[in-house]
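Structure first, commentary second.
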Amino acid sequence: MTDTLINRRDLDFLLYDVMDTASLSERDRFSEHSRETFDAVIETADRMAREKFAPHNSEADKQEPRFVNGQVEMLPEVKEAFKAYAEAGFIAGRFDYELGGMQLPESVIAACNGFFTAANPGTAGYPFLTTAAADLIKVFGSDEQKAKYLPPMLDGRYTGTMALTEPHAGSSLSDIRTSASPTDDGHYLIKGAKIYISGGEQSISDNIVHLVLARIKGAPPGVKGISLFIVPKFLTDDRGGVTGRNGVALAGLIHKLGYRGTTSTALSFGDDAPCHGYLVGEPHQGLKYMFQMMNEARLGVGFGAAVIGYRGYLHSLEYAKERLQGRKPSESDPTKPPVPIIEHADVRRMLLAQKAYVEGGLALCLYGARLVDDQNSHPDATIREEAGKLLDLLTPIMKAWPSEYGTRANDLAIQVYGGAGYTREYPVEQCWRDNRLNPIHEGTNGIQALDLLGRKVWQDRSHGLQLLMQRMQVDLEAATTSRCQQWALSLSETLQRAVKVTQDLGAALQKESPDRVLANASCYLHLFGHICVAWMWLRQANQAEILLADAGYAEAERNFLEGKLQAARYFFHWELPTVAQDIVLLQNRDDTCLEMRAEWF
């Protein structure tokens, strides 16, 4: 089986040919870097992912963490991989030099993390959550909290979690009941229960820093009354020494379909002992703070879904080239030898669909990482602001589209393998099981659809949407070859129809019940997701045509570029036209689902 996690030529094409990531070294923040240092870090990630993460991926799936005598037992390879990741500096990769970080662009660190997730999503979950938790503390924590928690988190001695969900509330955070009572000693006493907390208990770090949403006594109802607290597993002194166990207890491990290497836990706070929590920032602002970590996690979910889909695609591609079976319809002689199944048109269809989904999804996610870089480091304040607005608008799409279509790619990978794909002797069934979580966690895709249509497109008088169309227009005008021009026309026509239906929905929200207007929000998410990925494919096709104009390329490079153009052709011929149904349903504000009654099921 292939040990390739992500096609390096594809990654280089996206990073350097399409997005000009090398130019980031011209910015002050990244001035000590160059393409050479970027490539060196990426090469390290690729090698470490293959050597430290991939070998125990299947075993960690089979031997998921167990709760034994009050402790979580895990494969020792998980801790070894986590330690190697931390020692290589990847947890602190995007952080300042002063904090021990490498001050890398988000575009580069995201690409690096793609290898680790493709190799082993379960083990990769621990450092990714830790980085996101540390980033939140860096932005919103007090100086004392930063000094106490950031160093051990960034060097891998502590890990981090986000503790939002409660058994009775699910994704409805306005209904959380976990409480926080102030004390005279400056901390709060936390009381409540959380569920589905990834990394909530494990045996790989010295301490766990839980970021917990809770209500201070007397807080306003709903989301306006939620505060955020640091709740460590172990209490520590100012020097980091453990002073005792905090009142956080593991109530049980949850057994998942996939992603089994990452513990999923039910936690209780303050049941068996007092549970100390430390307020982050101002009271009642917790959801605003947590959204930084949630949005970062949503981008990570989309990226993870794309690369897990990518790994399955590469496995099925290798299998299709090697598996001999059947003959072409034009060959009627049964004595002729069977052909590799990649010679069959329907297998090529499934491989081409996977290629279009995973390479399109990867391009979309890397574009999101580039927006993060522009938001944080571009020298022009206007461009920084515009990048932030674009990122805010596109986050629901960047989470939901790859998680939907990366999983579809894994489903097609199983189909390419046939009966073998349905067995645990081959890797693609685990890819599908691991990926199936991604449309669910960090806000289900249905929630992303409501967020997009109910809020994001209307923010700041739809300025983000206007910026998006301006960015697309640049690439539409850059399509100068006959192939790219016809695809640009198709995208332009679809975009115009989407803008019209958006205007109609905006007017309807002013005078109709939002229940009806938002009833088909998932159609809107699909519509704009497909438009954005078609845009990503047009960008890739434009660049591929430019490179193909150089007759000096070797055959392998020309094959790579022609493959890009064929995948773009597939997306524009087979996928983009499917949004026509979404447009009709949205235009008519179809109420079929809304009007269905519970008692009719």
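Residue numbers (full-length UniProt numbering): 1 to 601. Backbone N, C-alpha and C define an ideal beta-carbon position, used for all residues, glycine too.
Query                                                                                                                                                                        : Result
Taking Cβ to Cβ, would you say C523 is nearer than 9 Å to D591?                                                                                                              : no
Among the candidates P127, V517, A134, whose CA atom is the shortest distance from the CA of Q292?                                                                           : A134
What residues match up with V242 in a beta bridge as DSSP calls it?                                                                                                          : T236
According to DSSP, simplified to helix, strand and coil, what is K256?                                                                                                       : coil
Contact between the stretch 367 to 375 and the stretch 97 to 108: three or more CB pairs below 8 Å?                                                                          : yes
Taking all protein chains shown into account, do 16 or more other C-beta atoms lie within 10 angstroms of the C-beta of L324, making it buried, or fewer, making it exposed? : exposed
In the DSSP output, which residue or residues are listed as bridge partners for P340?                                                                                        : L324
So, for K328: in the same chain, excluding its five sequence neighbours on each side, which residues have a beta-carbon less than 7 Å away from its beta-carbon?             : V339, E343
Who are the Cβ neighbours of S58 in its own chain at under 6 Å, not counting the five residues just before and after it?                                                     : none
With DSSP run on the structure shown, which of helix, strand or coil describes H56?                                                                                          : helix
Beta strand (DSSP E) containing E73: first to last residue?                                                                                                                  : 71 to 73
Under a Cβ-count criterion, where at least 16 other Cβ atoms within 10 Å of its own Cβ denotes burial, should N588 be classed as buried or exposed?                          : exposed
If you check the beta carbons only, do V72 and L253 fall under 9 Å apart?                                                                                                    : yes
Within the same chain, show all residues whose beta-carbon is closer than 6 Å to that of L14, passing over the 5 residues directly before and after it, in chain order.      : A363, L366
When we look at the beta-carbon of I383 and count the other beta-carbons within 10 Å, is it buried (16 or more) or exposed?                                                  : exposed
Taking the C-alpha atoms as reference points, what is the distance between I190 and G199?                                                                                    : 19 Å
From the DSSP output, read off the bridge partner residues of K191.                                                                                                          : S179
Taking contact to mean at least 3 C-beta pairs separated by less than 8 Å, is the stretch 485 to 493 in contact with the stretch 510 to 522?                                 : no
State the start and end residues of the unbroken beta strand (DSSP E) segment that holds I208.                                                                               : 207 to 216
Measuring alpha carbon to alpha carbon, tell me which residue in D392, V428, A320 is nearest L465.                                                                           : D392
So what's R66 in DSSP terms, helix, strand or just coil?                                                                                                                     : strand
For L547, which three-state DSSP category applies?                                                                                                                           : helix
Using the Cβ count rule (16 or more neighbours within 10 Å means buried), how would you classify W401?                                                                       : buried
Out of curiosity, what's the CA-to-CA distance linking G563 and A549?                                                                                                        : 15 Å
Once the 5 residues before and after F572 are set aside, which same chain residues still bring their CB inside 6 Å of it?                                                    : W487, S490
Quick one: is D374 buried, meaning 16 or more other Cβ sit within 10 Å of its Cβ, or exposed?                                                                                : buried
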